[in-house]
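Single-structure report; data block below.
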Amino acid sequence: MISQVSSAAVIGLDAQPIKVEVDLSNGLPSFTIVGLPDKAVEEAKERVRSAIKNSGAEFPQKRITVNLAPADIRKEGPSYDLPIAVGILLASEQVNFDPSKVIFTGELSLNGDLRQTNGILPVAIMTKERNFEELYIPQENADEAAIAGEINIYPTRSLRDIIWHLRGEKSIEKYQCLNMDNIFEEEIPFEVDMNQIKGQEHAKRALTIAAAGGHNVSMSGPPGSGKTLLAKAFASILPQMSSNEAIEVTKIYSVAGLLTKDNPIIMNRPVRTPHHTASDIALIGGGKWPKPGEISLAHRGVLFLDEFPEFPRSVLEVLRQPLEDNIITISRAAGSLTFPAKFILVTAQNPCPCGYLNDPVKTCSCSQNQIAKYNKKISGPLLDRIDLHIEVPRLKFEKLESDSSLESSKEIKEKVEKARQTQRKRFENSKTLTNSEMSLPEIKKYCSLDEKSKELIRQAVNQLNLSARTYHKILKIARTIADLANSGDIQTEHLAEALQYRFKKEH
Ligand SMILES: Nc1ncnc2c1ncn2[C@@H]1O[C@H](COP(=O)(O)OP(=O)(O)O)[C@@H](O)[C@H]1O
Ligand SMILES: [Mg+2]
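Residue numbers for the sequence shown follow the working numbering, so the first one is 1 and each next one is one higher.
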């Protein structure tokens, strides 16, 4: 007696079909799983045995062999519980159905209930792409799976439900697919609005440019000047995600196990704010069953590193590669994995350990040595990858108290969306999405300067000893500033403004 049912393995962010073959033969009762299973899959034996018994079915007293094929893909996690249980029930003829176009996935608890399982969205997408017809998943994962579109999803509470359903005794109701268009019309409120932040026009302008062109920003200023506040408000001026972007980001959260029943789809650009004591794996990704780290959870959104120099140097250096390539590659024994990691980096730091260097009122208590050591923590190559450098000074009392009306996040966001629209048109036939991602030929094509501007940048490069990378970053920022001004050409004033954001940190 042999059965074969289908399930899926999630590798990185993508799923692949897995065949679960179950053979029942006579002999001493035993239960073996083969086909490169990890420990969690091995433990499935105990869960499956109890779940079947507690679901009103019989666990066969036979020699049970389960083979997970293809054997060269490592099977990780508890999601094979359900297909193994169904395979045993089918092989022992306790249920009867045609398994050829059906996918089962989900973790069982001992009483036979299905638990919320990680990585369901990639499995749902695979179900659709590989032309399977039905997908059985834990009920808690239903909304997440429904994003994949037109597939027959059966959200299931327990193994008992599936047994009844397959025997035709009581059907599980098919899930109504979500209409993505409706979901995207919702307005989502933000924590801090730009109009709550007094003064700091220079910083707000830089953040507007960053949002419009996808540029990285570093903020430096004394404690309490509003750096963290500005970073929080940044989320509210970012352009809306497209539905494709939302699916891409939701996939990452699905694999990381961070979707909840109340929040099954990530629709706002994510803002991740890891603490500087977070481990390398938490930030970069990895682990025994490789999970995306903070830099991937920030994909299409913002990675905010507050107290930037406090992060261990080892972590900061690993950031260099994803900042350049927009992906992170994690090496592991069973081959390497890549996760996407395209984010806007926003950093905040004090100018020195005590925070009051150059402050007009308070005196700084740090020694030259301490200041040098503090700034040296962030290497040149990393600084080079940050496009906009701004100072956030402490506000005078009058500014804080003034109640002149300020531009709201909604108004700023409109400008940002318009500049993004220009970029979408510009890069219609290219993989590039924003000015910050322009390749060298694209920079050449879209960032031409007139004679006056050329002279200006020549002087800047020579006097400030700018690197080639910095030179190109300045051109990209100038392009974004011109886009915000709705100007086809980069004009000298645009370039001059772009140069301002480089001055402070280049010595
Ligand atoms: N420009 C500002 N406008 C209004 N409130 C501000 C401003 N700057 C700072 N604050 C107030 O000061 C608090 C501390 O600011 P915060 O952003 O945490 O400073 P930092 O991160 O620079 O140390 C904020 O929660 C806010 O109440
Ligand atoms: Mg702060």
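Built from N, CA and C at the ideal position, the CB exists for glycine as well.
query: Any non-hydrogen atom of ligand 1 closer than 7 Å to L400 Cβ; result: yes
query: Per DSSP, cross-strand counterpart(s) of I327; result: P340
query: Exposure of S296, with buried meaning 16 or more beta-carbon neighbours within 10 Å; result: buried
query: Per-residue burial, M438 [other beta carbons within 10 Å of its own, 16 or more giving buried]; result: buried
query: Range of the contiguous beta strand (DSSP E) that encloses H202; result: That residue, H202, is in no beta strand (DSSP E); its alpha helix (DSSP H) goes E201 to G213.
query: Q200: CB within 7 Å of a non-hydrogen atom of ligand 1; result: yes
query: CB contact flag (V86, F132, <8 Å); result: no
query: 4-residue-minimum alpha helix (DSSP H) runs that sit fully inside the stretch 358-415, ordered along the chain; result: 368-376, 380-384 and 397-401
query: Residue nearest to V192 in terms of C-alpha spacing, selected from V217, K232 and L207; result: K232
query: Beta-carbon spacing of V346, F427 below 8 Å; result: no
query: Entirely enclosed beta strand (DSSP E) segments - the stretch 31-87, minimum 3 residues; result: 63-69
query: Which of helix, strand or coil DSSP assigns to V461; result: helix
query: Nearest-angstrom Cα separation, counted from S336 out to A8; result: 19 Å
query: Residues that DSSP places opposite I265 in a beta bridge; result: Answer is none; I265 lacks a bridge partner.
query: Paired residues, beta bridge with I103 - DSSP; result: S6 and L135
query: Check whether K415 and S236 have beta carbons under 8 Å apart; result: no
query: Pairwise C-alpha distance: H276 and E307; result: 7 Å
query: Closest by C-alpha distance to R320, when choosing among R300, E310, G301 and K342; result: K342
query: Classification of I2 by the beta-carbon crowding that lies within 10 angstroms, buried from 16 upward; result: exposed
query: Residue closest to F97, alpha-carbon to alpha-carbon, out of P351, K362 and V5; result: V5
query: Where the alpha helix (DSSP H) containing M126 begins and where it ends; result: I120 to E129
query: Integer-rounded CB distance, given that R420 should sit under 8 Å from A512; result: Outside the modelled stretch of the chain, which goes from 1 to 507, sits residue 512, for which no answer is possible.
query: beta-carbon L207 near ligand 1 non-hydrogen atom, thresh 7 Å; result: no
query: Three-state secondary structure (DSSP) of T228; result: helix
query: K227 Cβ short of 7 Å to ligand 2 heavy atom set; result: yes
query: Closer than 7 Å: A348 CB and nearest ligand 1 heavy atom; result: yes
query: L283, buried or exposed, once every other Cβ within 10 Å from all chains shown has been counted against 16; result: buried
query: Of the listed residues A203, K170, D113 and K19, nearest to G226 (C-alpha basis); result: A203
query: Expected contact under 8 Å - CB spacing of L68 and I11 to nearest Å; result: That belief does not hold up - the Cβ atoms of L68 and I11 are roughly 14 Å apart, past 8 Å.
query: Contact belief for I137 with I153 at Cβ below 8 Å, rounded distance in angstroms; result: 7 Å
query: Range covered by the alpha helix (DSSP H) that runs through Q500; result: T492 to Q500
query: With 16 other Cβ atoms within 10 Å as the buried cut-off, status of L466; result: buried
query: Between the CA atoms of R394 and P360 - distance to the nearest angstrom; result: 9 Å
query: L337: CB within 7 Å of a non-hydrogen atom of ligand 3; result: Inclusion of ligand 3 in the displayed structure is not the case, the ligand content consisting of ligand 1 and ligand 2 alone.
query: Cβ contact (3+ pairs, closer than 8 Å) linking the stretch 119-135 and the stretch 251-265; result: yes
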